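Numbering (our numbering), first residue to last: 1 to 334.
Shown next, in structure tokens, is the structure this report addresses.
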Ligand code: XIL
């Protein structure tokens, strides 16, 4: 579905493509872009064995492979859907060996210069693969994911805890990633910073991204939007406005809205909440805010990473939930 010039996406894991007959109708009727749920993350693309075997030549240039991306690429092309490249630089789902001297999990960490070379070659190789082979497929790239967190961060909020990018490159690792992405994206796709709980930290995000923004290294901010019914939507839309006022393109990248238990009343409240999100986005969009895409983080409750919270638009039988009937009409002005 493409409504009000907004791309509407869903996160799709490879197991959906292996049972495509079961899902194709639901997916293609409601969505026109896909985010691979895990298949384009560094732990899916980086090839540990290949990198170790190729040492010392691979020391600054780890090996990667794109096998995990084949199902989404094939289906996106055959259905005309666009794909979000999620994600290049993240503290999570990135193998420990990538940061060490000998490419083993227990090895000593490399220093800043080596890790910057590995970051540059990784970003170069992934972006070039898509530019060279599928030039029209990717509509946006999550260059950096989740780099700012008050509790897990340093004085500026840059995530230090459990973050090997911080441990090796240092507190400007997110800026360096944006710099390399800009260098190798050839103006082909929107370059995004993507984060959770954006509504609670918009100023921290904006101040940390300011240099990159001033230098033209970033296009937009992805608001993940893993929400729970009842969370303060005033804060949510205020954050959106702040980002838009600072000149960023906006995309909602991972929307899901949890409820505690699956009662009729909770499903109704969830529908109402989905409806308010849709209304808010449609009216911001109508008043000129640069929101270009909205992705729901999964298809059905059964597939959701938060499946105990029933957070999506389709139930376990792939039937539309009350939320579906509030969400799409309001979002698309039908
Ligand atoms: C989640 C996936 O949905 C899970 O399947 C996986 O086990 C962990 O990651 N923020 C992100 C997403 O940017 O990539 C995460 O996806 C959810 C939180």
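Glycine included, C-beta positions come from ideal geometry on N, C-alpha and C.
As the structure is a computational prediction, the values presented were derived from the model and not from experiment.
Relative to the ligand XIL, the beta carbon of residue 307 is positioned no closer than 7 Å to any heavy atom. Cβ-Cβ distances below 6 Å link residue 278 to 327, 330, 331 in the same chain, with the five nearest sequence neighbours on each side left out; the list follows chain order.
Nearest Cα to residue 231 within the set 211, 193, 216, 270: 270.
Counting the other CB atoms within 10 Å of its CB gives residue 304 a total of 16 or more, which places it among the buried residues. For residue 27, the three-state secondary structure derived from DSSP is helix.
In its chain, beyond the 5 residues on either side, 82 have a beta carbon closer than 6 Å to the beta carbon of residue 139. With respect to the 8 Å criterion, residue 312 and residue 280 are not classified as neighbours on the basis of their beta carbons. For residue 86, the enclosing beta strand (DSSP E) has its first and last residue at 82-89.
Around the Cβ of residue 53, a 10 Å sphere holds fewer than 16 other Cβ atoms; the residue is exposed. Separation of residue 105 and residue 96 (C-alpha to C-alpha, rounded to the nearest whole angstrom) is 5 Å. In the three-state reduction of the DSSP assignment, residue 186 falls in the coil class, being assigned neither a helical nor a strand state. Apart from the 5 residues on each side of it in sequence, residue 51 sits with its Cβ closer than 7 Å to the Cβ of 58, 62, 63, 103 in its chain, given in chain order. For the pair residue 149 and residue 90, the Cα-to-Cα distance works out to about 13 Å. Remark: the shortest separation between the CB of residue 251 and any heavy atom of the ligand XIL does not fall under 7 Å. In the DSSP assignment, residue 133 forms no beta bridge with any residue. When C-alpha distances from residue 228 are compared across 307, 202, 250, 214, the shortest belongs to 307. In the displayed model, residue 159 falls within a strand according to three-state DSSP.
Residue pairing by DSSP places residue 98 in no beta bridge whatsoever. Here residue 60 carries a coil assignment [DSSP, helix/strand/coil].
Distance from the CA atom of residue 42 to the CA atom of residue 260, rounded to whole angstroms, is 32 Å. Annotation for residue 145: the continuous beta strand (DSSP E) segment containing it runs 138-145. For residue 8, the enclosing beta strand (DSSP E) begins and ends at 6-12. When the alpha-carbon of residue 252 is set against those of 87, 172, 220, 21, the nearest one is in 220. Relative to the Cα of residue 153, the nearest Cα in the group 285, 167, 68 belongs to 167. The Cβ-Cβ distance between residue 16 and residue 299 falls below 8 Å. The closest heavy atom of the ligand XIL lies less than 7 Å from the beta carbon of residue 145. Between residue 222 and residue 175, the C-beta spacing is not below 8 Å. Relative to the non-hydrogen atoms of the ligand XIL, the Cβ of residue 176 never comes closer than 7 Å to any of them. Comparing alpha carbon positions, the residue from 122, 189, 114 closest to residue 136 is 189.
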